[in-house]
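Report on one structure; see the data block that follows.
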Amino acid sequence: MNLYSVLEKGFAKDKSSCALETHDGLYYSWSDLEKATAKIANLLTSLKLPEGSRVAVQVEKSPEALFLYLATLKAGLVYLPLNTAYQESEIEYFIGNAEPAVVVCSPKNFSWVSKIAFKAGTQHVFTLAEDRTGTLLDRAAGQKDQGKTVARADDDLAAILYTSGTTGRSKGAMLTHKNLASNAQVLQKFWGWKKGDVLLHALPIFHVHGLFVASHGALINGSKMIWLPRLDTKELIKHMPRSTVMMGVPTFYVRLLLDPNFNKAVTRNMRLFVSGSAPLLTETFNSFRERTGHTILERYGMSETVMLVSNPYQGERIGGSVGVPLPQTQVRVIKDDGQVCKVGEIGNVEVKGPNVFKGYWRMPEKTKEEFTTDGWFKTGDVGRWGGETSAGKVPNHYLCIVGRSKDLIISGGYNVYPKEIESFIDDMPGVDESAVIGVPHPDFGEAVVAVVVAKPGVKLNAESMIAELKGKIANFKVPKRLVVVNELPRNAMGKVQKNILRQTYA
Ligand code: MCA
Ligand code: AMP
Numbered sequence: 035m036n037l038y039s040v041l042e043k044g045f046a047k048d049k050s051s052c053a054l055e056t057h058d059g060l061y062y063s064w065s066d067l068e069k070a071t072a073k074i075a076n077l078l079t080s081l082k083l084p085e086g087s088r089v090a091v092q093v094e095k096s097p098e099a100l101f102l103y104l105a106t107l108k109a110g111l112v113y114l115p116l117n118t119a120y121q122e123s124e125i126e127y128f129i130g131n132a133e134p135a136v137v138v139c140s141p142k143n144f145s146w147v148s149k150i151a152f153k154a155g156t157q158h159v160f161t162l163a164e165d166r167t168g169t170l171l172d173r174a175a176g177q178k179d180q181g182k183t184v185a186r187a188d189d190d191l192a193a194i195l196y197t198s199g200t201t202g203r204s205k206g207a208m209l210t211h212k213n214l215a216s217n218a219q220v221l222q223k224f225w226g227w228k229k230g231d232v233l234l235h236a237l238p239i240f241h242v243h244g245l246f247v248a249s250h251g252a253l254i255n256g257s258k259m260i261w262l263p264r265l266d267t268k269e270l271i272k273h274m275p276r277s278t279v280m281m282g283v284p285t286f287y288v289r290l291l292l293d294p295n296f297n298k299a300v301t302r303n304m305r306l307f308v309s310g311s312a313p314l315l316t317e318t319f320n321s322f323r324e325r326t327g328h329t330i331l332e333r334y335g336m337s338e339t340v341m342l343v344s345n346p347y348q349g350e351r352i353g354g355s356v357g358v359p360l361p362q363t364q365v366r367v368i369k370d371d372g373q374v375c376k377v378g379e380i381g382n383v384e385v386k387g388p389n390v391f392k393g394y395w396r397m398p399e400k401t402k403e404e405f406t407t408d409g410w411f412k413t414g415d416v417g418r419w420g421g422e423t424s425a426g427k428v429p430n431h432y433l434c435i436v437g438r439s440k441d442l443i444i445s446g447g448y449n450v451y452p453k454e455i456e457s458f459i460d461d462m463p464g465v466d467e468s469a470v471i472g473v474p475h476p477d478f479g480e481a482v483v484a485v486v487v488a489k490p491g492v493k494l495n496a497e498s499m500i501a502e503l504k505g506k507i508a509n510f511k512v513p514k515r516l517v518v519v520n521e522l523p524r525n526a527m528g529k530v531q532k533n534i535l536r537q538t539y540a
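In our numbering, the protein residues as written are 35 to 540.
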């Protein structure tokens, strides 16, 4: 069944009630949401695109950006969200790789995005700004405000989410209607969504966390969302007393705790704080409980699997553990030799279930590599059942993520693959080689640091290199610090010892 139909079943029955309220005081009823979605869906349908066509979207967060997502589903097309921080070379890759039939971008980026899109064969480029201007809504305005939802099979694609790859270039994770619908239904029950819930939504909507986990949760439950364009702790504190649920990456909680106005009174109507996308420090978990009396519920997910493990809503939430496998999802921890780990033993985390994606877009070989012969998806995360964290004993059926076998940095909830940044740095004049590492950072959890070796006789300027990188790659990938050294530490095999670099530059 089309994911839109599954979500729609949960929409509030009172169509005049509020579905979305914005930071600047706009109210969208459920009827507004349905009508706006239908108009955009009808516009997309009028383009008569072949089945499976992709709609690639790089726009600022707005209610209309959410309606565009819903409209893409309703029209039976495949949604492809792109981080607004991506620069030209990144967009060129995604559009070239996905070959979308439709691209929607911010009006301010139209000239360069449309050039890339038309070169890649895209037929239609629309614009959408956060103030509701742009050609998408102009064109949709003439369409009918209702229409049929296109039937889809469980296994049909609903979305492609690009996740960075260890080899440098991103892979498109293909998510089906079934993957997303089943996860939304499971989470609605597991997290105890109730009538009257109000979601405080400040996450970006171009990744799994903000787009699927948070938005689907409210939509399928018919719950209102307070829709904030970005994380601004003052705004969160202002709207929290009227909210009951919030989802955020650990940086949300770190920043809230830094604000002296964040206290029990502010959180008095909240029933659930969810954290994910990156490890939540037990220190943050404990401080949050002390300050507010609320215990953050940490969960674990991936673009390829949506949510797979979560601390319970009813039951003990353990700091430093991501909890138990969600209903219908199986998780195992395996040693390198394929043996199943005993409680407390560290191994590779693997997963099976209706939430696990269909494969990487046009990368059958890569897809095959990432699954075991008996059908388990290798997450690339390293974990153990039970054991102890600094918060105490962990029950044997709770999972702890202790590291990653993939060379990945997670900064403020965004993934950065060192290989990609290294290749940009290595291409800069005067650079001999580089190693990119993640170091602990109080706000972002981890921060990107580059260690660079110059070619003989060349003097590199770290600041100008950082400035140059800012024009080439998304801001969150740009090293916060770039250090020039004479040589990189290597082991006997000649491999760069990143562990030594991490210690040295911590
Ligand atoms: C912004 N900057 C960053 C980041 N965000 N640098 C490193 N890491 C980041 N995450 C840059 C800015 O461009 C700026 O650069 C400088 O750092 C300071 O920006 P600041 O104003 O502090 O940033 P912000 O706008 O407040 O954003 C921080 C943020 C944001 C709120 C943590 O990054 C965010 O919303 N992250 C959420 C990511 C997310 O949704 N992840 C879910 C992925 P300059 O000073 O040079 O201009 S889905 C996922 O991972 C899985 C499936 C899951 O389990 O959920
Ligand atoms: P992405 O590629 O953006 O989907 O990011 C998925 C990765 O984020 C996972 O493979 C984990 O490494 C990490 N992740 C997500 N949630 C958590 C969590 N609660 N604790 C630790 N790591 C997490």
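Note that the Cβ used here is the ideal one computed from N, Cα and C, for glycine as well.
Worksheet item: For ILE150, which option in ALA163, GLU164, GLU456 and PRO134 has the closest C-alpha, if you only look at C-alpha atoms?
Response: Within the sequence shown, residue 150 is the residue found at index 116, counting from 1. The option with the nearest alpha carbon to ILE150 is PRO134.
Worksheet item: What are the uninterrupted segments assigned as beta strand (DSSP E) that are 3 or more residues long and contained completely in the segment 97-159, given in chain order?
Response: Considered as a whole, the segment 97-159 harbours 112-115 and 136-139 as its complete beta strand (DSSP E) runs of no fewer than 3 residues, in chain order.
Worksheet item: When a residue counts only if its C-beta is closer than 6 Å to some heavy atom of the ligand MCA, which residues count, in chain order?
Response: Near the ligand MCA, residues with a Cβ at less than 6 Å from any of the ligand's heavy atoms are LEU237, PRO238, HIS241, VAL242, HIS243, GLY244, ARG264, LEU265, VAL283, THR285, GLY310, SER311, GLY335, MET336, SER337, SER445, GLY446, GLY447, TYR448, PHE478, ASN509 and PHE510; the list follows chain order.
Fill in: Near the ligand AMP: ASP441 beta-carbon under 6 Å from a heavy atom
Within the sequence shown, numbered from 1, the residue matching residue 441 stands at position 407. Because no heavy atom of the ligand AMP lies under 6 Å away, the Cβ of ASP441 does not count as near it: no.
Practice prompt. Would you kindly report the start and end of the unbroken beta strand (DSSP E) that includes MET274?
Written response: Working through the sequence shown from its first residue, we reach residue 274 at position 240. From DSSP, MET274 is part of no beta strand (DSSP E); its letter is neither H nor E.
Fill in: Near the ligand AMP: GLU332 beta-carbon under 6 Å from a heavy atom
Within the sequence shown, numbered from 1, the residue matching residue 332 stands at position 298. Yes, since a heavy atom of the ligand AMP falls inside the 6 Å radius drawn around the Cβ of GLU332.
Worksheet item: Taking 6 Å as the cut-off, is the CB of PRO84 close to at least one heavy atom of the ligand AMP?
Response: Translated into positions along the sequence shown, residue 84 becomes position 50. PRO84 Cβ: outside cutoff for every heavy atom of the ligand AMP.
Fill in: Check whether LEU195 and ALA207 have beta carbons under 7 Å apart
Position 161 of the sequence shown holds residue 195. Position 173 of the sequence shown holds residue 207. Going by C-beta atoms, LEU195 is nearer than 7 Å to ALA207.
Worksheet item: Regarding THR197 and the ligand AMP, is the C-beta to nearest heavy atom distance less than 6 Å?
Response: Here residue 197 refers to the residue found at position 163 of the sequence shown. THR197: yes, Cβ under 6 Å from the ligand AMP.
Practice prompt. Put SER321 into one of helix, strand or coil per three-state DSSP.
Written response: The residue given as residue 321 occupies position 287 in the sequence shown. In the structure shown, SER321 sits in a helix (DSSP, three-state: H, G or I).
Practice prompt. Report the three-state DSSP secondary structure of ILE435 (helix, strand or coil).
Written response: Within the sequence shown, residue 435 is the residue found at index 401, counting from 1. In the three-state reduction of the DSSP assignment, ILE435 falls in the strand class.
Item to complete: Would you mind stating whether ASN295 and ILE330 have Cβ atoms separated by less than 7 Å?
Response: In the sequence shown, residue 295 corresponds to position 261, counting from 1. In the sequence shown, residue 330 corresponds to position 296, counting from 1. No; because the gap between Cβ atoms is not below 7 Å, this pair is not in contact.
Discussion item. Beta-carbon within less than 8 Å of VAL358's beta-carbon, same chain only, minus the 5 sequence neighbours each way: which residues are those?
Written reply: Here residue 358 refers to the residue found at position 324 when the sequence shown is read from its first residue. Answer for VAL358: VAL343, SER344, ASN345, PRO346, HIS431, TYR432 and LEU433, listed in chain order.
Item to complete: Would you list the one or two residues that DSSP bridges to THR197?
Response: Translated into positions along the sequence shown, residue 197 becomes position 163. In the DSSP output, where bridge partners are listed per residue, THR197 has LYS205.
Item to complete: Using a threshold of 7 Å, state whether the C-beta atoms of THR278 and GLY446 are closer than that.
Response: Translated into positions along the sequence shown, residue 278 becomes position 244. Translated into positions along the sequence shown, residue 446 becomes position 412. Not in contact: THR278 and GLY446 (Cβ atoms no closer than 7 Å).
Worksheet item: Going by C-alpha distance, which of GLN92, ARG289, PHE101 and PRO313 is nearest HIS241?
Response: As a first step, residue 241 is located in the sequence shown; it is residue number 207 there, counting from the start. With distances taken between Cα atoms, HIS241 lies closest to GLN92.
Fill in: Assumed close pair GLY335, VAL247 - CB separation to whole angstroms, cut-off 8 Å
Your numbering for residue 335 matches position 301 in the sequence shown. Your numbering for residue 247 matches position 213 in the sequence shown. Indeed they touch by this definition, with Cβ atoms about 7 Å apart.
Worksheet item: Ends of the alpha helix (DSSP H) at GLN222?
Response: Here the question's residue 222 lines up with position 188 in the sequence shown. 211-224 is the extent of the alpha helix (DSSP H) around GLN222.
Discussion item. Among LEU494, PRO463, TYR539 and TRP225, whose alpha-carbon lies nearest the alpha-carbon of LYS514?
Written reply: Residue numbering aside, residue 514 sits at position 480 when the sequence shown is read from its first letter. For LYS514, the closest alpha carbon among the candidates LEU494, PRO463, TYR539 and TRP225 is that of TYR539.
Worksheet item: Are the segment 157-165 and the segment 47-62 touching, with three or more C-beta to C-beta distances below 8 Å?
Response: Verdict: no, contact absent.
Fill in: Any non-hydrogen atom of the ligand AMP closer than 6 Å to PHE435 Cβ
The residue you call residue 435 lines up with position 401 of the sequence shown. The residue you asked about is not Phe; residue 435 is Ile in the sequence shown. The answer is yes for ILE435.
Worksheet item: If we count the other Cβ atoms within 10 Å of its Cβ and call it buried at 16 or more, is ALA236 buried or exposed?
Response: Residue mapping note: residue 236 aligns to position 202 of the sequence shown, counting from 1. With 16 or more other Cβ atoms within 10 Å, it is buried.
Worksheet item: Which same chain residues, not among the five before or five after LYS400, have their C-beta less than 7 Å away from its C-beta?
Response: Here residue 400 is taken as the residue at index 366 of the sequence shown, counted from 1. Hits under 7 Å: LYS205 and TYR394.
Practice prompt. Output yes or no for whether 7 Å exceeds the beta carbon distance between LYS258 and VAL232.
Written response: For the purposes of this step, residue 258 is taken as residue 224 along the sequence shown, with counting starting at 1. For the purposes of this step, residue 232 is taken as residue 198 along the sequence shown, with counting starting at 1. Yes, these two residues count as a Cβ contact at 7 Å.
Practice prompt. Would you identify the three-state DSSP class for ILE443, choosing helix, strand or coil?
Written response: The sequence position of residue 443 within the sequence shown is 409, counting from 1. Of the three classes helix, strand and coil, the one that applies to ILE443 here is strand, per DSSP.
Discussion item. Could you tell me the alpha carbon to alpha carbon distance between ARG305 and SER39, rounded to whole angstroms?
Written reply: By one-based count along the sequence shown, residue 305 stands at place 271. By one-based count along the sequence shown, residue 39 stands at place 5. Cα-Cα distance, rounded: 28 Å.
Practice prompt. Could you tell me which residues DSSP puts in a beta bridge with ALA72?
Written response: Along the sequence shown, one-based indexing puts residue 72 at 38. Note: ALA72 sits in no beta bridge, so no partner.
Worksheet item: Can you name the start and end residues of the alpha helix (DSSP H) that GLU454 belongs to?
Response: Taking the sequence shown and counting its residues from 1, the one referred to as residue 454 is at position 420. Bounds of the alpha helix (DSSP H) holding GLU454 are 452-460.
Worksheet item: GLN177 bridges to which residues according to DSSP?
Response: For the purposes of this step, residue 177 is taken as residue 143 along the sequence shown, with counting starting at 1. The partner list for GLN177 (beta bridge, DSSP) is empty, contrary to what the question assumes.
Discussion item. When you compare the CB positions of VAL137 and ALA192, do they come within less than 7 Å of one another, or not?
Written reply: Your numbering for residue 137 matches position 103 in the sequence shown. Your numbering for residue 192 matches position 158 in the sequence shown. No, the Cβ-Cβ distance between VAL137 and ALA192 is not below 7 Å.
Discussion item. Given this structure, state the Cα-to-Cα distance separating VAL473 from MET397, to the nearest angstrom.
Written reply: Taking the sequence shown and counting its residues from 1, the one referred to as residue 473 is at position 439. Taking the sequence shown and counting its residues from 1, the one referred to as residue 397 is at position 363. The straight-line gap from Cα to Cα measures roughly 32 Å.
Fill in: Cβ neighbour criterion (16 or more within 10 Å) applied to MET527
Numbered from its first residue, the sequence shown carries residue 527 at position 493. It is exposed - the Cβ of MET527 has fewer than 16 other Cβ atoms within 10 Å.
Worksheet item: Under 7 Å, do ASN255 and TRP225 count as touching if we go by C-beta distance?
Response: Here residue 255 refers to the residue found at position 221 of the sequence shown. Here residue 225 refers to the residue found at position 191 of the sequence shown. The answer is no: Cβ separation not under 7 Å.
Worksheet item: Would you report the Cα separation of ARG276 and ALA72, rounded to the nearest angstrom?
Response: Sequence index remark: in the sequence shown, residue 276 carries index 242 (1-based). Sequence index remark: in the sequence shown, residue 72 carries index 38 (1-based). C-alpha of ARG276 to C-alpha of ALA72: approximately 29 Å in a straight line.
Discussion item. Report the start-end ranges of each alpha helix (DSSP H) in the segment 383-410 that is 4 residues or longer and not cut off at the edges.
Written reply: Complete alpha helix (DSSP H) runs here, min 4: 398-404.
Worksheet item: Among ALA163, THR169 and GLY378, which has the Cα closest to the Cα of LYS369?
Response: Against the sequence shown, residue 369 aligns to sequence position 335. Considering only alpha carbons, the answer is GLY378.
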